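Working notes, structure below.
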Amino acid sequence: LESGLSQVEDGAGRFPQVAGLKYSFDKSVAPNAGRVKSVEVMENGAWAPINPDKQYLVATNNYVRQGGDGYKVFADKATDAYDYGPGLEQVVADYLGAHRPYTPKLDGRITEIAATTAAAEPAKPAEPAKPAETKPAETSHTVAAGDTYWDLAKKAYGDATKWKLISEANKDYKPRRLPLGATLTIPPAAK
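Read in the working numbering, the sequence shown has 493 at position 111, and its numbers run on one by one without any break.
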């Protein structure tokens, strides 16, 4: 976890996303100098502090297991490590296809401890804001197996014949060849 958090300021791809584990970290601490403040593992349905003397099973993709994204510790120190199974892209596509529509959520497994600052003088009350002119929001959709612009338009607008709105907003993709995992823009319905 320390290594994974060592380049968080740079937006490096090694930021540790976890399941069955939760941790807190303090970004104000220097890299690899104790940024991780707490680690808990899920055991028998409850969170418990990690036991440094215990061996845990870690599941990851082959790239990270072989030391990718700076996780050299997995390549060098893993016990009984092996690569198997389908590729990550296939597993993700299958999962998204089976759980349509997929709604991402936050579980609170990762907590950043914010540095404390001195309290500032209370600000003067702001002038009341003028009501904003609202327009329909644009949304997005991650392509799963079997998705079509027709079905997406029916779901988004209640009218499948408006599929061209989605097609025009996603000119990089061919309507009959939507790439699995691609993020599509779903524009608001025209009035």
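Glycine residues also receive a C-beta, built at the ideal position from the N, C-alpha and C atoms.
All of these numbers come straight from a predicted model, not from anything done at the bench.
Beta-carbon contacts of residue i that lie in its chain and below 6 Å, excluding the five residues immediately before and after
i	result
Tyr539	Ala571
Pro564	Note that residue 564 is Ala in the sequence shown here, rather than Pro. Val525.
Arg482	Ala526
Met424	Gly402
Asp462	none
Integer Cβ distance of residue i from residue j, believed to fall under 8 Å
i	j	result
Glu391	Asn414	The pair is not a contact, with the Cβ atoms about 13 Å apart (cut-off 8 Å).
Gly469	Arg396	Their Cβ separation, rounded to whole angstroms, is 20 Å, which puts Gly469 and Arg396 out of contact at 8 Å.
Leu422	Ala430	Checking the sequence, you will find Glu at residue 422 rather than Leu. About 6 Å separates the two Cβ atoms, so the contact holds.
Straight-line gap, residue i to residue j (C-alpha atoms, nearest Å)
i	j	result
Asn443	Lys553	32 Å
Asp435	Gln389	27 Å
Gly479	Asp458	35 Å
Asp465	Gly449	12 Å
Gln472	Asp408	35 Å
Asn426	Phe456	26 Å
Leu439	Asp541	48 Å
Gln399	Asp489	11 Å
Trp545	Tyr531	5 Å
Ile432	Leu387	18 Å
Ala493	Pro507	Ala is not the amino acid found at residue 493; the sequence shown has Thr there. Rounded to the nearest angstrom, the two C-alpha atoms are 32 Å apart.
Ala394	Lys404	20 Å
Arg447	Pro557	36 Å
Neighbourhood of residue i by C-beta, 8 Å cutoff - its chain only, sequence neighbours within 5 removed
i	result
Ala566	In the sequence on display, residue 566 carries Leu and not Ala. Excluding sequence neighbours, Leu566 sits near Ser522, His523, Thr524, Val525, Leu534, Ile548, Ala551, Asn552, Tyr555 and Leu560.
Pro510	none
Lys537	Pro483
Ile568	Glu520, Thr521, Ser522, His523, Leu534, Ala538, Ile548 and Ala551
Ala475	Ala526, Ala527, Leu562 and Gly563
Ala401	Arg491
Where residue i falls: helix, strand or coil (DSSP)
i	result
Glu550	helix
Glu520	coil
Asn555	Rather than Asn, the amino acid found at residue 555 in this sequence is Tyr. Tyr555 falls in the coil class under three-state DSSP.
Leu566	strand
Thr485	coil
Glu384	helix
Thr493	strand
Gly479	helix
Thr543	helix
Leu534	helix
Residues of its chain near residue i, where Cβ-Cβ distance is below 7 Å and the 5 sequence neighbours each way are ignored
i	result
Ile495	Ser406, Phe407, Asp408 and Lys419
Along the chain, which unbroken stretches of the alpha helix (DSSP H) at least 4 residues long are found entirely within the stretch 423–475?
444–447 and 454–459
Ranges of the beta strand (DSSP E) found wholly within the stretch 386–420, counting only runs of at least 3:
403–407
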